[in-house]
Amino acid sequence: MASSVMKMTPSSLTSTHNILDYLRTKKIASPENPAELPKVPRDEVKNLNTLVGYLGLSDEIIVPVEETIEIVPTEIVRSEKFKLHSPRITLQKDRKVAVRGPYPELVLCQTYPWHQYVLGENSYQQGIVRLKLKLESFQSNHWMFVGIVKGDGPQQIEQNNYSSYEWPGSYGWALGMTGQVWKGANTIENTLKNLTKAGDTVELVLDCDGAKLSLHLPTGQQFHIDIPKSQAWRLNVNMFRQNDKIHIIE
Numbered sequence: 214m215a216s217s218v219m220k221m222t223p224s225s226l227t228s229t230h231n232i233l234d235y236l237r238t239k240k241i242a243s244p245e246n247p248a249e250l251p252k253v254p255r256d257e258v259k260n261l262n263t264l265v266g267y268l269g270l271s272d273e274i275i276v277p278v279e280e281t282i283e284i285v286p287t288e289i290v291r292s293e294k295f296k297l298h299s300p301r302i303t304l305q306k307d308r309k310v311a312v313r314g315p316y317p318e319l320v321l322c323q324t325y326p327w328h329q330y331v332l333g334e335n336s337y338q339q340g341i342v343r344l345k346l347k348l349e350s351f352q353s354n355h356w357m358f359v360g361i362v363k364g365d366g367p368q369q370i371e372q373n374n375y376s377s378y379e380w381p382g383s384y385g386w387a388l389g390m391t392g393q394v395w396k397g398a399n400t401i402e403n404t405l406k407n408l409t410k411a412g413d414t415v416e417l418v419l420d421c422d423g424a425k426l427s428l429h430l431p432t433g434q435q436f437h438i439d440i441p442k443s444q445a446w447r448l449n450v451n452m453f454r455q456n457d458k459i460h461i462i463e
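Following the working numbering, the numbering of the sequence shown begins with 214 at its first residue and continues without gaps.
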């Protein structure tokens, strides 16, 4: 009778290491210091269950997986670059840097598009995404929006609406003097005012599965926005002052 052979994949190899680590720890465990069950990403739980049964360890790990294994959200690591942008934005350094161009000599205040957008190349739908942004130039610490927009946000470009922070499905924060928070509508967060300056690096943390967007500042302060679930998101930056510059840091 032919014996069954389990095909080893990168996921099953990871699960094997997790189980072996658990069994080694269990040998020296005590009631005061019990062995911790393996911690695996959500997408590997099924593989671990299969492997436990295949290795005949169902009696060793007998409590249901969903009650014993801590689900670790998958952290997405992808190289991000800027892509779509309005006319007065230029991209530099392999599209890692966006610069807000100078104002024209003659400006009609009522019609000139002061706000200029630049969007990230990637679309994110699951896991946790961390985006570090360095404010390489921030004129008078006046106003710069950092956040996200739904994947269909670029449709607004066809309407020549460069104020990407106002687009439907846009969420984020205006750094600088105003303390604006955008989450479907504009609100004011006084504690956000004047916390950033040129040279600072801020971090956006997008938790697609947890439906939350967070802003981490060099001061240690954090701000959070609840966002809709099951959406595709992309980086959304908007600049107002000429010569403002922002840099995606790996």
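We treat Cβ as the ideally placed atom computed from N, Cα and C, and that holds for glycine.
message: For a test of the three-state rule: what should DSSP assign to E349, helix, strand or coil?
response: Start at 1 with the first residue of the sequence shown, and residue 349 comes out as number 136. E349: strand per DSSP, three-state reduction.
- prompt: Mind checking I461: buried by the 16 CB within 10 Å criterion, or exposed?
  reply: If you number the sequence shown from 1, residue 461 lands on position 248. Note on I461: 16 or more other CB atoms within 10 angstroms of its CB, so buried under the neighbour-count rule.
task: Identify, in the order they occur along the chain, each residue of the same chain with its Cβ nearer than 7 Å to the Cβ of K309, setting aside the five sequence neighbours on each side.
output: By 1-based counting over the sequence shown, the position of residue 309 is 96. Excluding residues within five positions, the ones whose Cβ falls inside 7 Å are K294, H460 and I461.
- prompt: Apart from the five residues on each side of it in sequence, which residues of its chain come closer than 8 Å, Cβ to Cβ, to T391?
  reply: Position 178 of the sequence shown, counting from 1, holds the residue named residue 391. W356, I401 and K406, listed in sequence order.
task: Find the nearest neighbour of L304 within the set R291, G333 and W327, judged by alpha-carbon distance.
output: Numbered from 1 along the sequence shown, position 91 holds the residue referred to as residue 304. Per the Cα distances, G333.
message: Please return the same chain residues whose Cβ sits closer than 8 Å to the Cβ of S292, not counting the five positions on each side in sequence.
response: Here residue 292 refers to the residue found at position 79 when the sequence shown is read from its first residue. Excluding residues within five positions, the ones whose Cβ falls inside 8 Å are E463.
- prompt: Using the beta-carbon count (16 or more within 10 Å), is Y316 buried or exposed?
  reply: Residue numbering aside, residue 316 sits at position 103 when the sequence shown is read from its first letter. That one is exposed.
message: Tell me the residue span of the beta strand (DSSP E) that contains Q329.
response: Taking the first residue of the sequence shown as position 1, residue 329 is located at position 116. Bounds of the beta strand (DSSP E) holding Q329 are Q329 to G333.
- prompt: Distance, Cα to Cα, S299 vs V359?
  reply: Residue mapping note: residue 299 aligns to position 86 of the sequence shown, counting from 1. Residue mapping note: residue 359 aligns to position 146 of the sequence shown, counting from 1. Answer to the nearest angstrom: the Cα atoms are 16 Å apart.
task: Over the uninterrupted beta strand (DSSP E) stretch that includes M357, give me the two end residues.
output: By 1-based counting over the sequence shown, the position of residue 357 is 144. W356 to K363 is the span of the beta strand (DSSP E), which, as asked, contains M357.
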